[in-house]
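In this note's numbering, the protein residues as written are 2 to 267.
Ideal Cβ placement from N, Cα and C applies to all residues, glycine included.
To start, the structure under review is shown below, and the notes come after it.
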């Protein structure tokens, strides 16, 4: 129980600090630390990630940072495609799931190691010129201009996030955050808040699907979930004080070590 609580706090802390990555640590913590199977760990990890993300999303909504229409569209497509991921998760051998998850962690680490340009400024509106990104904020309203290109982009992101979420038990923040940075002109604090809302919605859908499939959460799982919420609250309070680059490098290093260990186990 103590170990489950410790892992939960760390996962919530990472999620609160980065808006992504918490779920990528949650599954290995349960599989390697508590000796669960991938199919056991995925729904509990998803529940924990979703609960912690919901706390962060509410904080983001209070401060007007969440692009809630975009979040709802991505989550809606995620809801449609998440059951497909859950279905494949129950069809694939444990070894294949562990290898897929390890490769996913390597990809996340690689993205984290890449140095990102800092986006300074108090406004959540980005600085890209008109037409440079798939989804642009209107300079007058501060909201997205919902062109066909923008809608299709966010819908596709939701579909991919839903499948990966259901398959591997991750919230999808590692996909949403870099995709938003690449495809929109929203600044980082708005991206993190929007990512947390999407993660909470998609995770909730995935958890409901898992419960429907007969999955139950025991006392260890409950401790992990509660601790992850505590970690999220701490992470949201610390996010302004921790150097972003140091956090990226440290997290990426942990991902590589854990991915290597999971590949050896597989």
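- Distance check between residue 37 and each of 7, 177 and 99 places 99 closest, using alpha-carbon atoms only.
- Residue environment: residue 32 is assigned as buried (16 or more neighbouring CB atoms within 10 Å of its CB, all protein chains considered).
- Residues of the same chain with a CB within less than 6 angstroms of the CB of residue 224, apart from the 5 flanking positions on each side, are 2, 5 and 6 in chain order.
- Following the DSSP letters along the chain, one finds residue 111 inside the alpha helix (DSSP H) bounded by residues 95 to 114.
- Using a Cβ distance threshold of 9 angstroms, residue 170 and residue 42 count as a contacting pair.
- The continuous alpha helix (DSSP H) containing residue 177 extends over residues 174 to 184.
- If you check the CB distance, residue 158 and residue 101 do not come in under 9 angstroms.
- In the structure shown, the three-state DSSP call for residue 256 is helix.
- The residue from 52, 96, 189 and 71 with its alpha-carbon nearest to that of residue 266 is 96.
- Where residue 197 is concerned, the enclosing alpha helix (DSSP H) starts and stops at 189 to 213.
- Excluding sequence positions up to five before and after residue 262, its CB lies within less than 7 angstroms of the CB of 33, all in the same chain and listed in chain order.
- Judged by DSSP in its simplified three-state form, residue 240 adopts coil rather than helix or strand.
- For residue 138, the secondary structure class from DSSP, reduced to helix, strand or coil, is strand.
- Around residue 55, the same chain offers 201 as residues with beta carbons nearer than 7 angstroms, after the five sequence neighbours per side are excluded.
- In this structure, the alpha-carbon of residue 222 lies about 43 angstroms from that of residue 148.
- For the pair residue 85 and residue 155, the CB atoms are not nearer than the 9 angstroms cut-off.
- Beta-carbon to beta-carbon, residue 248 and residue 18 are separated by about 6 angstroms, close enough to satisfy the 8 angstroms threshold.
- For residue 59 and residue 107, the gap between their C-alpha atoms comes out near 31 angstroms.
- In this chain, the alpha helix (DSSP H) harbouring residue 91 covers 69 to 92.
- Between residue 204 and residue 50 a beta carbon distance of about 5 angstroms is seen, short of the 8 angstroms cut, so the two are scored as contacting.
- If you draw a straight line from the Cα of residue 153 to the Cα of residue 193, it comes to about 21 angstroms.
- Secondary structure note for residue 60: its alpha helix (DSSP H) is the uninterrupted segment 39 to 63.
- In this structure, residue 13 lies away from residue 78, with their beta-carbon atoms at least 9 angstroms apart.
- At the C-beta level, residue 9 and residue 228 come within 9 angstroms of one another.
- Within its own chain, the residues whose Cβ lies closer than 7 angstroms to the Cβ of residue 180, once the five positions on either side in sequence are excluded, are 158, listed in chain order.
- Across the structure, residue 81 and residue 166 are spaced so that their CA atoms are roughly 12 angstroms apart.
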